[in-house]
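Novice: What follows is a single structure, and I will ask about it in a moment.
Chains as they are written, first to last, in the UniProt record's numbering: chain Z, 1 to 316; chain H, 1 to 289.
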């Protein structure tokens with residue numbers, strides 16, 4: 001409601017507030033209320049302006065400028081984009097990022113849902129299982145990643161020793177172009193699994209029991225009940241989580257930064273990591289921002305779909 | 001409540017066997033996947049570098065000697081890193097609450113002109129992940145517009161961006177919206193100022209949501225890696241994650257692992273204590289976005 005509308009409303013029904021006998025008082029109070037409101041808002045406005053809104057504009061400006069941050073930036077059109085696209089690592093970075101997101105979906109998307117369905121059926125050890133599955137999420141990601149770096153050690157590392165114990169050949173994990181990216185996906189899945197599991201669990205608990213009851217009376221077996229009741233009932237949250245996971249995994253940075261440094265042979269360079277390298281290793285903020293802008297546009301597509309879906313969910 | 005499997009099916013001998021099998025598999029599987037790595041970490045720290053390199057590895061450390069933890073604490077100056085991180089997380093928490101609670105209160109209860117636009121602009125920031133704005137945001141912290149302050153290596157570089165959190169404003173505003181108008185109008189007629197109403201009426205009834213926002217904000221800052229990596233390059237100013245990561249290459253393996261154990265204790269302790277609020281926070285925003 002705008003001020004004028006409210007002012008008119010108050011003026012028309014003058015008797016609602018004993019302290020505003022005339023229009024004048026109402027107007028003065030409306031102005032006062034707005035001043036107070038913006039007083040309460042100003043700190044947030046400053047924080048958002050500095051660290052959210054302005055950087056969006058700055059990113060666009062930076063990506064079209066050549067900048068040494070001493071002189072004013074020089075407009076160079078699409079030069080930064082051309083430089084970045086011509087970089088052989090550019091193609092690898094996008095392919096790896098897409099592969100990382102895709103693999104994370106293959107390995108990690110169905111697992112939390114299945115775990116949640118199982119957990120929802122169990123009547124024992126509930127608190128323990130829920131606590132334990134969320135434990136890795138509470139670890140600082142850097143700690144989890146460094147821990148796995150040790151597990152991946154080709155010699156005495158936990159994983160190769162475990163493979164050895166069951167008489168399987170050792171893998172070179174982070175050191176081979178064929179397994180490095182998968183190794184990153186495994187860490188990332190391990191440390192994020194708990195979130196999805198608990199969110200699905202909450203969604204499963206709101207499914208009305210009589211739906212299962214009547215499906216069973218109709219002769220639907222276990223898998224049919226999952227297919228015809230559980231999945232349709234959680235369809236929207238499944239979709240929301242899918243989009244959130246894609247957006248999250250497309251930004252992958254810490255895993256390549258701490259585990260592989262993008263190697264071997266660019267096998268684990270991601271877009272976010274390349275962006276970081278451009279800015280902080282090559283001192284090229286223009287190229288870095290161009291990459292950031294491209295990633296932003298791709299992620300905006302997913303965020304927009306997410307927004308539509310979650311609105312639908314909220315209206316349900 | 002009735003779930004996927006009917007209670008009748010569970011009562012049959014056949015159903016019982018399946019149930020207990022699945023339960024056992026789940027408990028063993030979860031313990032193996034999520035608890036065992038922690039055991040391996042804690043016991044690994046107690047092994048000597050020789051024992052760590054030994055093939056096959058020993059399941060239990062040969063000798064239990066906790067001095068490696070002291071070594072890690074001293075060599076990696078973990079005390080300094082932990083204190084830094086506590087200052088960053090604590091300050092971010094206080095500032096976030098002060099800034100976002102007052103913003104949400106203004107948007108929900110005082111409803112100024114253009115309030116909807118402001119809220120929309122704050123929520124719009126949720127569409128763009130901070131990672132893609134990393135470089136321009138870093139440049140802002142390095143040279144604050146207009147004031148030309150350099151925030152690098154100061155806690156403000158963590159605190160100010162942490163307060164610009166659209167999700168928190170959204171959560172708080174939605175909760176404030178549910179507080180009945182009559183409650184506030186009564187106080188207003190008694191002549192209470194907006195600040196007084198916020199402090200004595202809105203805040204006390206909003207304890208649950210403030211708890212959720214508090215824990216989320218502390219844990220987010222505590223776990224963050226990329227941003228502190230960029231804005232706190234000085235070793236003495238580093239947060240625990242960044243500190244350990246940047247010194248990890250020069251440490252003997254067992255000292256590094258001991259430092260990982262120490263670094264993971266605070267958040268896990270927080271999880272033990274605030275499990276309920278943390279899980280509530282998980283579903284607070286994600287279900288009805």
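All C-beta atoms in this analysis are idealised placements derived from N, C-alpha and C, irrespective of residue type, glycine included.
With a threshold of 8 Å between beta carbons, is residue 199 (chain H) in contact with chain Z?
Specialist: The sequence position of residue 199 (chain H) within the second chain is 199, counting from 1. No, because no Cβ of chain Z sits closer than 8 Å to the Cβ of residue 199 (chain H).
Novice: If the cut-off is 7 Å on Cβ atoms, which residues from the segment 170-198 of chain Z count as contacting chain H, listed in chain order?
Specialist: Correct list: 195 and 198.
Novice: Tell me, which residues are paired with residue 74 (chain Z) by DSSP?
Specialist: The residue given as residue 74 (chain Z) occupies position 74 in the first chain. Looking at the DSSP assignment, residue 74 (chain Z) forms a beta bridge with Z:66.
Novice: Is residue 238 (chain H) helix, strand or coil when you go by DSSP?
Specialist: Within the second chain, numbered from 1, the residue matching residue 238 (chain H) stands at position 238. DSSP places residue 238 (chain H) in coil when its eight states are reduced to three.
Novice: Beta carbon of residue 302 (chain Z), beta carbon of residue 246 (chain Z): below 8 Å?
Specialist: As a position in the first chain, residue 302 (chain Z) is number 302, starting the count at 1. As a position in the first chain, residue 246 (chain Z) is number 246, starting the count at 1. For residue 302 (chain Z) and residue 246 (chain Z), yes; Cβs fall inside 8 Å.
Novice: Answer yes or no: does any C-beta atom of chain H fall closer than 8 Å to that of residue 285 (chain Z)?
Specialist: Residue 285 (chain Z) sits at position 285 when you count from the first residue of the first chain. With 8 Å as the cut-off, residue 285 (chain Z) counts as an interface residue toward chain H.
Novice: Relative to the C-alpha of residue 55 (chain Z), which candidate in H:78, H:143 and H:245 has its C-alpha closest?
Specialist: Along the first chain, one-based indexing puts residue 55 (chain Z) at 55. Of H:78, H:143 and H:245, the residue nearest in Cα terms is H:143.
Novice: Run down chain H in chain order and give the residues with a C-beta less than 7 Å from the C-beta of residue 317 (chain Z).
Specialist: Outside the shown range of chain Z (1 to 316) lies residue 317 (chain Z), about which nothing can therefore be said.
Novice: Could you check what DSSP says for residue 111 (chain H) in three-state terms: helix, strand or coil?
Specialist: In the second chain, the residue the question calls residue 111 (chain H) occupies position 111. DSSP places residue 111 (chain H) in coil when its eight states are reduced to three.
Novice: Name the residue from Z:42, Z:277, Z:296 and Z:184 whose alpha carbon lies nearest to the alpha carbon of residue 112 (chain H).
Specialist: By one-based count along the second chain, residue 112 (chain H) stands at place 112. Here the closest residue by C-alpha is Z:42.
Novice: So what does DSSP say about residue 4 (chain Z), is it helix, strand or coil?
Specialist: Locating residue 4 (chain Z) in the first chain gives position 4, counting from the first residue. Per-residue confidence for residue 4 (chain Z) stands at a pLDDT of 46, beneath the threshold of 50, marking its modelled position as unreliable; the derived number appears in the next sentence. Helix at residue 4 (chain Z).
Novice: Report all residues from its chain with a CB closer than 6 Å to the CB of residue 8 (chain H); omit the five preceding and five following residues, and keep chain order.
Specialist: Taking the first residue of the second chain as position 1, residue 8 (chain H) is located at position 8. Around residue 8 (chain H): no qualifying Cβ.
Novice: Identify each residue in the segment 32-60 of chain H for which the Cβ-Cβ distance to at least one residue of chain Z is less than 8 Å, and report them in chain order.
Specialist: The residues in question are 33, 34, 35, 37, 38, 40, 41, 44, 52, 53, 54, 55, 56 and 57.
Novice: Which chain Z residues sit within Cβ distance under 7 Å of residue 257 (chain H)?
Specialist: As a first step, residue 257 (chain H) must be located in the second chain, where it is residue number 257. The contacting residues are 150.
Novice: Please check if any C-beta of chain Z sits within less than 8 Å of the C-beta of residue 105 (chain H).
Specialist: Within the second chain, residue 105 (chain H) is the residue found at index 105, counting from 1. So yes, residue 105 (chain H) belongs to the interface.
Novice: Using the C-alpha atoms, what's the distance from residue 153 (chain Z) back to residue 53 (chain H)?
Specialist: Working through the second chain from its first residue, we reach residue 53 (chain H) at position 53. Working through the first chain from its first residue, we reach residue 153 (chain Z) at position 153. Cα-Cα distance, rounded: 10 Å.
Novice: If contacts are defined as beta-carbon pairs under 8 Å, then residue 96 (chain H) and residue 163 (chain H) qualify, I think. What distance do you get, rounded to the angstrom?
Specialist: Against the second chain, residue 96 (chain H) aligns to sequence position 96. Against the second chain, residue 163 (chain H) aligns to sequence position 163. So it is a contact: roughly 5 Å between Cβ atoms.
Novice: How about residue 120 (chain Z) and residue 204 (chain Z): are their beta carbons less than 8 Å apart?
Specialist: Here residue 120 (chain Z) corresponds to residue number 120 of the first chain, with the count starting at 1. Here residue 204 (chain Z) corresponds to residue number 204 of the first chain, with the count starting at 1. In contact: residue 120 (chain Z) and residue 204 (chain Z) (Cβ atoms closer than 8 Å).
Novice: Of all the alpha helix (DSSP H) runs that stay within the bounds of the segment 41-65 of chain Z, which reach a length of 4 or more residues?
Specialist: Those alpha helix (DSSP H) runs which fall completely within the segment 41-65 of chain Z and span 4+ residues are 54-63.
Novice: Only counting the same chain, and skipping five residues up and downstream in sequence, which positions put a Cβ closer than 8 Å to that of residue 177 (chain Z)?
Specialist: To locate residue 177 (chain Z), count along the first chain from 1; it is residue 177. For residue 177 (chain Z), where only same-chain residues beyond five positions count, the Cβ hits under 8 Å are 264, 265 and 267.
Novice: If you pair each beta-carbon of the segment 208-222 of chain Z with each one of the segment 276-291 of chain Z, do three or more pairs fall below 8 Å?
Specialist: No: fewer than three Cβ pairs fall under 8 Å.
Novice: Does the beta-carbon of residue 207 (chain Z) have 16 or more other beta-carbons within 10 angstroms, so that it is buried, or is it exposed?
Specialist: Translated into the one-based positions of the first chain, residue 207 (chain Z) becomes position 207. Residue 207 (chain Z) is buried by the Cβ-count criterion.
Novice: CA-CA distance, residue 299 (chain Z) and residue 128 (chain H)?
Specialist: In the first chain, the residue the question calls residue 299 (chain Z) occupies position 299. In the second chain, the residue the question calls residue 128 (chain H) occupies position 128. Rounded to whole angstroms, residue 299 (chain Z) to residue 128 (chain H) spans 7 Å at the Cα level.
Novice: Please list the terminal residues of the continuous alpha helix (DSSP H) segment that includes residue 275 (chain Z).
Specialist: As a first step, residue 275 (chain Z) must be located in the first chain, where it is residue number 275. Note, residue 275 (chain Z): alpha helix (DSSP H), 271-280.
Novice: Taking the beta carbon of residue 71 (chain Z) as the centre, do at least 16 other beta carbons fall within 10 Å, making it buried, or is it exposed?
Specialist: In the first chain, the residue the question calls residue 71 (chain Z) occupies position 71. Burial call: exposed.
Novice: Do you know offhand how far residue 36 (chain H)'s Cα is from residue 37 (chain Z)'s?
Specialist: Stepping through the second chain from its first residue, residue 36 (chain H) is reached at position 36. Stepping through the first chain from its first residue, residue 37 (chain Z) is reached at position 37. Taking the straight line from one Cα to the other gives about 52 Å.
Novice: Quick one, are the C-beta atoms of residue 99 (chain Z) and residue 181 (chain Z) less than 8 Å apart?
Specialist: In the first chain, residue 99 (chain Z) corresponds to position 99, counting from 1. In the first chain, residue 181 (chain Z) corresponds to position 181, counting from 1. Their beta carbons are under 8 Å apart, which means residue 99 (chain Z) touches residue 181 (chain Z) by this criterion.
Novice: What runs of the alpha helix (DSSP H), each 4 residues or longer, lie entirely inside the segment 5-56 of chain H?
Specialist: With a minimum length of 4 residues, the continuous alpha helix (DSSP H) runs that stay inside the segment 5-56 of chain H are 7-11, 13-30, 36-45 and 49-53.
Novice: Going along chain B in order, which residues have a C-beta closer than 7 Å to the C-beta of residue 55 (chain Z)?
Specialist: Among the protein chains in the structure shown, which are Z and H, there is no chain B.
Novice: Short check: CB of residue 83 (chain Z) to CB of residue 250 (chain Z), under 8 Å?
Specialist: For the purposes of this step, residue 83 (chain Z) is taken as the residue at position 83 of the first chain. For the purposes of this step, residue 250 (chain Z) is taken as the residue at position 250 of the first chain. No, the pair does not count as a contact, with Cβ atoms beyond the cut-off.
Novice: Once the 5 residues before and after residue 64 (chain H) are set aside, which same chain residues still bring their CB inside 8 Å of it?
Specialist: The count along the second chain starts at 1 and reaches residue 64 (chain H) at position 64. Counting only Cβ-Cβ distances below 8 Å, and skipping sequence neighbours, we find 46.
Novice: Using only the alpha-carbon positions, how far apart do residue 201 (chain Z) and residue 239 (chain H) sit?
Specialist: Along the first chain, one-based indexing puts residue 201 (chain Z) at 201. Along the second chain, one-based indexing puts residue 239 (chain H) at 239. Answer to the nearest angstrom: the Cα atoms are 34 Å apart.
Novice: May I have the straight-line CA-CA distance separating residue 51 (chain Z) from residue 287 (chain Z), to the nearest angstrom?
Specialist: Taking the first chain and counting its residues from 1, the one referred to as residue 51 (chain Z) is at position 51. Taking the first chain and counting its residues from 1, the one referred to as residue 287 (chain Z) is at position 287. Distance between the alpha carbons of residue 51 (chain Z) and residue 287 (chain Z): 21 Å.
Novice: Determine whether the Cβ of residue 154 (chain H) lies closer than 8 Å to any Cβ atom of chain Z.
Specialist: Residue numbering aside, residue 154 (chain H) sits at position 154 when the second chain is read from its first letter. No, residue 154 (chain H) does not count as interfacial toward chain Z.
Novice: Give the C-beta separation of residue 238 (chain Z) and residue 113 (chain Z) to the nearest angstrom, bearing in mind that I take them to be a contact with Cβ-Cβ under 8 Å.
Specialist: As a position in the first chain, residue 238 (chain Z) is number 238, starting the count at 1. As a position in the first chain, residue 113 (chain Z) is number 113, starting the count at 1. With 8 Å as the limit, residue 238 (chain Z) and residue 113 (chain Z) qualify as a contact, their Cβ atoms being about 7 Å apart.
Novice: Within the chosen definition, does the segment 260-278 of chain H reach the segment 162-177 of chain Z through at least 3 CB pairs nearer than 8 Å?
Specialist: Counting Cβ pairs under 8 Å, fewer than three are found: no touch.
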